[in-house]
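Contents: one structure, followed by commentary.
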Amino acid sequence: MHVSDKLLSIIAAILISLPTLAADNTYENGIDNFRSYIRLPQEKVYLHFDNTSYYQGDKIWFKAYIVLAPTNEATPLSQTLHVELLTPGGKVIDKQVLKITNGQCHGDFTLNQLPFYSGFYEIRAYTRYMRNFGDDIVFSRVFPVFDRPKKEGDYTQCRIMKNSDARYGTSRPVTRDEQNFGIRFYPEGGYLIAGLPTRVAFEIIGRDGNDHTHYEGIVKNSTSDSIITHFSALSDGRGYFTMTPLSDRTHYEAVINVNGKEQAFRLPEVRHDGVNISVDNTTSTDTATVTIRKRHDGTQKAIGVDFSSRGYTYASGEIMLDSVATLKINKHSAPTGVSTVTIYDSDGDIIADRMFFIHKSDHATVSIKTDKTTYLPTEKVTAELTVTDSDGQPVTTPLSVSVTDADNAIGYQPDILSSLLLTSDIKGYVTNPSQYFSQSNPDRHAQLDLLMMTQEWRRYPWKEDATGDQSGIPYLPKHGISVSGQVVSFVKGVPKSNVTISTMLSQKNAEDSIRQVFVDSYTTDSCGRFAFDCNIIGRWYLIMSTSENGKKKDYRILLDHISPKPRAYHAAERQVMTDTDATDGTPITTEYTSQDNDYYPESDQIRTVTQDGERLLSLNEVVVTAKRNTAEENIRRNRAGSVAYYNMSDEINQILDNGKYIGQNLLTILYDINSNFNRQISPNGEEELLYKGFKPLYVINYRTAYLADSLNYRNLYVESIKSIYISEDRSAKCKYADPMLTPALIDKYGCVVFIETDPDMPAPPGKGTRRVAIQGYSTPAEFYHVGYSVMPEENDYRRTLYWNPDLFTDANGKVKIEFYNNATCRKLSFDAQGITTDGLISTSSVR
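The working numbering applies: residue 421 is where the sequence shown begins, and numbers increase by one.
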């Protein structure tokens, strides 16, 4: 393992300063045994976006910063970043594979995948190497995507579909119920221990999961009914109180008045003995004081103590604890960010831990100066950005800069500072993390300490010893697009070693006539595994076949999938507030159910029903003057009105690589991916599917489904299916059903299954062969900067006025930008963020 020079120098500096980490008079020598191991270096990702919310049809622009966790310097490990756009239901509907250069890259998504309903969408980003450390460290951001305004440019319309997750089919875990009022308790260090004074942090939650209302209450002994202490919420529903539990047979409860009615909440159980920990991080700006206590019983206990930050231990050792030990950490020698003090017993098991935040303001600031204070519609804007460090010295650094219409701002923009130093190291959702770094917030240090007491921290697994052994790491850093997997026997799935895998990568040129082809071969290891890299751009097709001693073998090839499982949304992530009112708790979104959706209007219904139930076709006499829809318009309409969409390449690969055998059975796939399908055996003995109790109408490439061809879908090579849309729209059934059918028979179809095929995969491969589409590096689009040499004929309603992911300040720390205002903007909102290759974070002072 290679550790950067900067990382080594930081560790050395802290070791030299260990005398400042001294115990009180009881333990003069303090901690003196630094452990020899370091943890495997971890990467972090931060994405800077051009805006805080979007509308259907918008483009999302983003800049990615990929750093080493301990130092925030540009990662030397990974060269490929995976960025995914997920629906409210957790389905990946678009992805970008980006090449990392000097720890940075940029990309974009267009919100026009059909069907595309409004809702709360997620963008997540990770490297393959990061997948060693679990799902918690994956960068994730949730955005509201609103319906396109009925009136162009009217962004006061913030309409969002309430049940859009169900439209796509949801695979997200369900969040725990936070609809009712509640309170959570967090004893400092983890436990209430009899006879030991303990600070107990608490967090009040309400219907939105993030209640900011001020509450007061009491803590009382449940047995004697005596009042122990009073408490009140300080900020964001959080606060703390101090108590000394009497014994493990005593129970305590907190009583709060809620809407005129007292509610009681039981505190955690009291332990008879143990060790607790307390951290004072707000009294002194120079030191953090750690107090470790156990009951005074005349014995001593060996305690191991670690101080760690960003996955690295910067001080460690042992003490003999009698009753109370006090340790001090020099904040100037410790790294900026979330630190954790952890105490262990002699077996190495964690006894207690506590997070605290060290903030030394060692970051750069971006100041922004415009040539005017106000601008006319479509007027040219000139701005100069200046980056200076904490000492006021100019900084030469890359920047990503966004300028938006402040009047249309929804929510707030988290910044790179709060992400890399705070939220990336703790679990759970944090509302407006930038508030803890704002100079205008005088209570930020106390508020941040409360946050540290009520949030879990992310543990950094994959320790390695001083020899640098990495044998247990499944995903080592790779160059290029990585393909890996396992070869197993066809029936029992037994791993097959020493199997030759022949590969061929191919891609059509723009002329669609000549193919680029790359051929190679690889051999599986003792576990049947294989891996290789390919440096490709765009979409390619990979064909793999297996053989032993030159003879083809009918083995199954299973590919690895590194995409994380969808996570649950926090309740506060599904609220939308204006930027200026981000903390007042008042959402501004208008929600409606899918039945109210008029963005994609239903087709005119022309079928009616008589009183006796007979269905008739009735048309009023009309004069037709409009042109008939083109085939492309019909396809778009059918896609837009669908209730489900599936990228079949992804769906089939997931099924196959989970070890399931599907052969060429489309019915098995539909049954697996959509719970509305059920199997049954038809009267002629064939298996068929029912959709919500009715037969589906299968339509291939939008051609009329004649009864004579009704079984054609069974003859499809399933891996040639590009996508499937499922529509319940009656007009779609009428349009594509056999014209000879009566209206009554047409209405017996439960849905239309629109099947779109890929002509590049026309036939099934041979035995022991796997054919898949491989997504190479994406080519980012270029942001179009409007220029007004003459006044435009149409109104300009751009919400993002300027976006540039690749600015670079000069030797004086300055860079100038120019752009044009839109037709309505009265107030500009600048957002500039960046980080140098050696880890100096830059963030704008204008928000």
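Positions of the beta carbon are idealized from the N, C-alpha and C atoms, including for glycine.
Quiz prompt | Three-way DSSP call (helix, strand, coil) for Ser-926 in this model | solution = strand
Quiz item: Under the DSSP definition of a beta bridge, which residues are partnered with Arg-713?
Solution: Asn-696 and Val-744
Exercise. Select from Thr-1220, Leu-841, Gly-958 and Ala-1152 the residue whose C-alpha is nearest the C-alpha of Leu-1260.
Key: Leu-841
Self-check item: Backbone CA spacing between Cys-525 and Gly-1254 [nearest angstrom]
Solution: 12 Å
Quiz item: Which residues mark the beginning and the end of the alpha helix (DSSP H) in which Met-1160 is found?
Solution: Unbroken run through Met-1160: none, as it is neither H nor E.
Self-check item: DSSP beta-bridge partners of Thr-530
Solution: Lys-479
Quiz item: Three-state secondary structure (DSSP) at Pro-617?
Solution: coil
Practice problem: With a cut-off of 8 Å on the beta carbons, I'd call Ser-854 and Lys-483 a contact; round off their distance for me. | Solution: Wrong, their Cβ atoms sit about 17 Å apart, outside the cutoff.
Quiz item: Is the distance from the Cβ of Arg-544 to the Cβ of Phe-559 below 8 Å?
Solution: yes
Quiz prompt | Those residues which DSSP pairs with Met-663 across a bridge | solution = Thr-618
Quiz prompt | Where Thr-507 falls: helix, strand or coil (DSSP) | solution = coil
Exercise. Would you tell me roughly how many angstroms separate the C-alpha atoms of Asp-1001 and Asp-700, rounded to the nearest one?
Key: Confidence at Asp-1001 is low in this model, with a pLDDT of 48, below 50, so the placement of that residue should be treated as unreliable; the coordinate-derived value is given next. Taking the straight line from one Cα to the other gives about 32 Å.
Practice problem: Quick one: give me the first and last residue of the beta strand (DSSP E) that Asn-1058 is part of. | Solution: Here Asn-1058 belongs to no beta strand (DSSP E); instead the alpha helix (DSSP H) covers 1051-1060.
Self-check item: Collapsed DSSP secondary structure at Leu-1131 in the structure displayed
Solution: coil
Quiz item: Are Ile-846 and Gln-867 touching if we call contact CB-CB under 8 Å?
Solution: no
Quiz item: Cα-Cα, which of Lys-640, Glu-1202 and Asn-471 is closest to Asp-835?
Solution: Asn-471
Practice problem: Could you work out which residue in Ala-1243, Asp-1226 and Ser-1130 is closest to Val-1235 when comparing CA atoms only? | Solution: Asp-1226
Quiz prompt | Whole-number beta carbon distance between Asp-974 and Lys-1187, since they are thought to touch under 8 Å | solution = 4 Å
Practice problem: Determine which residues share a DSSP beta bridge with His-468 and list them. | Solution: Lys-483
Quiz item: Smallest Cα separation from Thr-793: which of Leu-1248, Thr-1263, Asp-1258 and Thr-1256?
Solution: Leu-1248
Quiz item: Would you call the CB atoms of Leu-612 and Leu-666 closer than 8 Å?
Solution: no
Exercise. Reducing DSSP to helix, strand and coil, say where Asn-750 ends up.
Key: strand
Practice problem: Would you kindly check if the distance between the Cβ of Val-815 and the Cβ of Ala-784 is under 8 Å? | Solution: yes
Practice problem: Could you tell me which residues DSSP puts in a beta bridge with Val-850? | Solution: DSSP lists no partner for Val-850.
Quiz item: Across which residues does DSSP place Ser-560 in a beta bridge pair?
Solution: Arg-544
Quiz item: Between which two residues does the alpha helix (DSSP H) harbouring Leu-837 extend?
Solution: 836-841
Quiz item: Where does Ile-1072 fall in DSSP's three states?
Solution: helix
Quiz item: Who pairs with Arg-1099 in a beta bridge, going by DSSP?
Solution: Leu-1109
Quiz prompt | Neighbourhood of Ser-377 by C-beta, 7 Å cutoff - its chain only, sequence neighbours within 5 removed | solution = The structure shown does not extend to residue 377, since the chain is modelled only from 421 to 1267, so the question has no answer here.
Practice problem: Sort Phe-1114, Lys-1115 and Tyr-1133 by Cα distance to Arg-1123 and report the nearest one. | Solution: Tyr-1133
Quiz item: Apart from the five residues just before and just after Tyr-1208, which ones in its own chain have a Cβ nearer than 7 Å to its Cβ?
Solution: Thr-798 and Tyr-1240
Quiz prompt | Where Asn-828 sits in the DSSP three-state scheme | solution = helix
Quiz item: Does DSSP put Lys-640 in a helix, a strand or coil?
Solution: strand
Quiz prompt | Beta-bridge pairing of Phe-536 - partner residues as DSSP gives them | solution = Answer is none; Phe-536 lacks a bridge partner.
Quiz prompt | Cut-off 8 Å between Cβ atoms - residues of its own chain near Ser-743, not counting five sequence neighbours on either side | solution = Arg-713, Lys-714, Arg-715 and His-716
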